[in-house]
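Engineer:
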Amino acid sequence: MNLPFWYCGKLLPSETCVIPINDPGLLYGATVFTTLRVYEQSLEHPLTHWQAHCDRLKYSLITLGWSLPDWDKLTQGAIILAKDYPVLRITIFPDGRELIIPRYLPENLAQNQQQGIQGKVVQGDIYTRYLPEHKTGNYLGPWLAKKQASEAILTDAQGNWLETSTGNLWGYKQGCWYIPILTGNLSGIVQKQLIHWLGEQSLPIVSREWTFSWVTTLEAIAITNSVVEVIPFHSIETPTATISLNPNFKALTQLKSYFSYHHNI
823 MNLPFWYCGK LLPSETCVIP INDPGLLYGA TVFTTLRVYE QSLEHPLTHW
873 QAHCDRLKYS LITLGWSLPD WDKLTQGAII LAKDYPVLRI TIFPDGRELI
923 IPRYLPENLA QNQQQGIQGK VVQGDIYTRY LPEHKTGNYL GPWLAKKQAS
973 EAILTDAQGN WLETSTGNLW GYKQGCWYIP ILTGNLSGIV QKQLIHWLGE
1023 QSLPIVSREW TFSWVTTLEA IAITNSVVEV IPFHSIETPT ATISLNPNFK
1073 ALTQLKSYFS YHHNI
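According to this note's numbering, the sequence shown is numbered sequentially starting from 823.
(1) Assuming PRO826 is part of the alpha helix (DSSP H), what are its boundary residues?
(2) Return the CA-CA distance between ILE782 and TYR1000, expressed in angstroms with no decimal places.
(3) Is ASN934 helix, strand or coil by DSSP?
(4) Whose C-beta lies closer than 8 angstroms to the C-beta of ILE902 among residues of the same chain, with five residues either side of it excluded?
(5) Please determine if the stretch 937-948 and the stretch 871-885 are in contact, where contact requires at least 3 C-beta pairs separated by less than 8 angstroms.
(6) Going by alpha carbons, who is nearest to GLU837 out of ASP845, ASN934, ASN824 and ASN1086?
(7) To the nearest angstrom, how far is it from the Cα of THR988 to the Cα of HIS867?
(8) Going by CA-CA distance only, name the one from PRO916, ALA904 and PRO1061 that's closest to ILE923.
(9) Note down the Cα distance separating ASN1047 from GLY993, rounded to an integer number of angstroms.
(10) State the start and end residues of the unbroken alpha helix (DSSP H) segment that holds GLN1076.
(11) Suppose you measure from the CA of VAL1111 to the CA of LEU849; what does that come to, to the nearest Å?
Given below as structure tokens:
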């Protein structure tokens, strides 16, 4: 089934996009992107976080010294595609061109949210994400990592856990939530919202190094991103052992409550 897409101010009813062969986005991955979930077909829905996604794109474009897109055209394309598709991947080229590719939600999303998923720790420089504070088109490392597992966990040179191939890590034990140190990592839009949400509920959250020995003491581990919301792990394969976890651990509802609350506004 062919999905339409939005490119340079036009809705195109095919899966073929014409890009010049000397385009730096094609040659070098010189693009920035963001992927968002549109709730109830509305960019204004509080869970869509449209402005936050645009702000993150703008920050990366300014940092890299690239041109900003025509925000009106970008918004127009998103509104049109959001009528039929719940997930939008927005890419901006160095000259400001916009490309919006629609998607459907993962078929097994509800099952994964309830039953959890298996993760796998991958190690090595080959999986390193270039410019980790930005989402650029040079995403070879995480792409290779995801080929190793449905959800790969990326590490630094010392073996500390950083993030997954698609989202941010959350851990819980003894009444406290933990996230990896944010310095040098991409702070997800949902992650920022959940940090604020937990603070409003007076629930403690700590940013710290995720060493392997410490990770094995966690009672629950989950990932978050803008599309899947919260997905727990039921097991994680590491180079030396497999960590077993309870995907229905009660404290996970503290993260999930953010979404249920805003669904009902």
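Glycine residues also receive a C-beta, built at the ideal position from the N, C-alpha and C atoms.
Source: prediction; values computed, not measured.
Structural biologist: Result, derived from the coordinates:
(1) Here the question's residue 826 lines up with position 4 in the sequence shown. Annotation for PRO826: no alpha helix (DSSP H) segment contains it, and DSSP assigns it neither H nor E.
(2) Outside the displayed range of the chain (823 to 1087) lies residue 782, so it cannot be described from this structure.
(3) Translated into positions along the sequence shown, residue 934 becomes position 112. DSSP places ASN934 in the helix class (H, G or I) of the three-state scheme.
(4) Translated into the one-based positions of the sequence shown, residue 902 becomes position 80. TRP828 and LEU833.
(5) In short, these stretches do not touch, since the Cβ pair count stays below three.
(6) As a first step, residue 837 must be located in the sequence shown, where it is residue number 15. Ranking ASP845, ASN934, ASN824 and ASN1086 by Cα distance to GLU837 puts ASN824 first.
(7) The residue labelled residue 988 in the question sits at position 166 within the sequence shown. The residue labelled residue 867 in the question sits at position 45 within the sequence shown. Looking at the two C-alpha atoms, the distance is approximately 23 angstroms.
(8) As a working mapping, residue 923 is identified with position 101 in the sequence shown. Of PRO916, ALA904 and PRO1061, the residue nearest in Cα terms is ALA904.
(9) The sequence position of residue 1047 within the sequence shown is 225, counting from 1. The sequence position of residue 993 within the sequence shown is 171, counting from 1. For ASN1047 and GLY993, the distance between alpha carbons rounds to 15 angstroms.
(10) Reading the sequence shown from its first residue, position 254 is the one you call residue 1076. Unbroken alpha helix (DSSP H) run through GLN1076: 1074-1085.
(11) Given that the chain is displayed from residue 823 to residue 1087, the structure contains no residue 1111 and the question cannot be resolved.
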